[in-house]
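Worksheet for the structure shown next.
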Amino acid sequence: MTFSIVAFDHATGDLGIAVASKFLAVGAVVPWALAGVGAVATQSYANTSYGPRGLDLLKGGLDPTQAIAHLLADDVDGDVPMRQVGIVDATGRSASFTGPGCHPWAGGRAGATYAAQGNILVGASVVDAMVEHFEASTGELAERLVDALAAGQAAGGDSRGQQSAALVVARDRAGYGGWNDRYIDARVDDHRQPIDELRRVLQLWRVYFQTPNPRDLIELTPELVGEVQKLLGREPNGTWDQGTRKALRIWAGVQNLEERLADTGIDPIVLRMLREQPPR
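Count the sequence shown with my numbering and you get residues 552 to 831, in order.
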């Protein structure tokens with residue numbers, strides 16, 4: 552009882568899913584992605600095994616159409632007519648399946664690098680709006696997916712209303728600390744306007760989880776280092792010494808900004824927040 556879009560970005564290799572529903576915590580059920588492999592949205596009386604199993608099938612060399620055929624063939628509990636699934640792989644191949652028993656309106660569209668699908672929608676216009684907006688958009692995949700979701704909502708969305716939304720983007724070793732490929736995992740579990748809230752959460756994610764672009768770092772001049780030392784409650788000497796670096800790391804850890812630290816300069820967001828919220 553959901554609408555979603557899965558997609559691949561040739562420029563970055565990102566694979567992602569954006570989903571919204573009149574369903575509590577839809578992000579806990581629908582989206583699955585693995586860097587270098589693919590992305591799966593499983594919905595409508597969702598069989599959550601379609602997520603990891605679909606990714607395994609892609610990893611084994613099947614294309615999305617073949618993977619869906621295997622998932623349906625292996626689904627033996629009798630609910631296949633009510634299943635809906637969209638898959639895209641790490642080359643941009645895609646497929647979408649809607650069982651004939653899905654509650655209307657239900658359907659999907661698949662194209663180069665994306666698959667969009669939904670059920671219990673106000674009409675086909677929801678999926679069409681997602682596809683048209685995604686095809687015309689540029690920029691980072693995360694924003695394109697959320698914008699496509701918003702376009703689907705503007706076209707009517709889930710006929711029952713709104714409750715939750717989620718965004719998952721996989722990128723190789725781009726998760727927190729570089730330990731996994733969960734580049735973005737942002738969820739709104741219960742909200743009157745979950746897609747708008749998801750967009751706000753994504754902006755916060757970029758502040759607290761995204762590592763800084765080296766081109767954006769501000770040079771650590773003696774004057775700037777002295778200011779930072781004063782803000783940190785240290786005696787200013789203009790030298791980027793070990794004590795200053797340690798003090799900044801401690802402050803950044805308290806503020807949840809540890810991912811934005813760099814040794815070759817200072818991130819503008821870190822500097823702004825340090826000026827606004829120096830240690831007490």
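No residue lacks a Cβ here, since even glycine has one placed at the ideal position from N, Cα and C. Computed from a prediction, not measured in an experiment: that's the story for all the values here.
Beta-ladder partner(s) of residue i, from DSSP
i      : result
GLN594 : GLN635
PHE554 : ALA571 and GLY669
LEU775 : Its beta-bridge partners do not exist; DSSP assigns none.
ILE801 : Its beta-bridge partners do not exist; DSSP assigns none.
LEU566 : PHE559 and ALA721
Three-state class that DSSP yields for residue i in the structure shown
i      : result
ALA663 : coil
GLN828 : coil
ILE817 : strand
PRO582 : strand
GLY589 : strand
LEU696 : helix
LEU782 : helix
LEU812 : coil
Proximity to residue i [Cα-Cα], best of the options
i      : options                           : result
ALA701 : ASP679, ARG722 and THR616         : ASP679
LEU696 : LEU672, PHE685 and ALA813         : PHE685
TYR759 : GLU778, PRO773, ASP740 and ASP736 : ASP736
ASN731 : ALA620, ARG722 and GLY777         : ARG722
ALA693 : ASP630, ASN788 and LEU718         : LEU718
ALA657 : ASN670, PRO651 and PHE648         : ASN670
ALA558 : ALA641, TYR727 and GLN635         : ALA641
THR795 : ALA667, LYS781 and GLY804         : LYS781
GLY789 : PHE554, GLN754, LEU799 and VAL776 : VAL776
Beta-carbon separation (whole angstroms), residue i vs residue j, contact threshold 8 Å
i      : j      : result
ALA675 : ALA661 : Not really, about 14 Å apart at Cβ, beyond 8 Å.
HIS561 : GLY643 : 6 Å
GLY816 : LEU768 : 3 Å
PRO763 : ALA725 : The pair is not a contact, with the Cβ atoms about 14 Å apart (cut-off 8 Å).
VAL591 : VAL631 : VAL591 to VAL631, Cβ: 16 Å. No contact.
Review point. Which parts of the region 606-659 are runs of the beta strand (DSSP E), unbroken and 3 residues or longer, counting only runs that do not cross its ends?
Key: 635-640 and 645-649
**Study point:** Contiguous beta strand (DSSP E) assignments of at least 3 residues, all confined to the region 705-767
**Key:** 715-721 and 733-739
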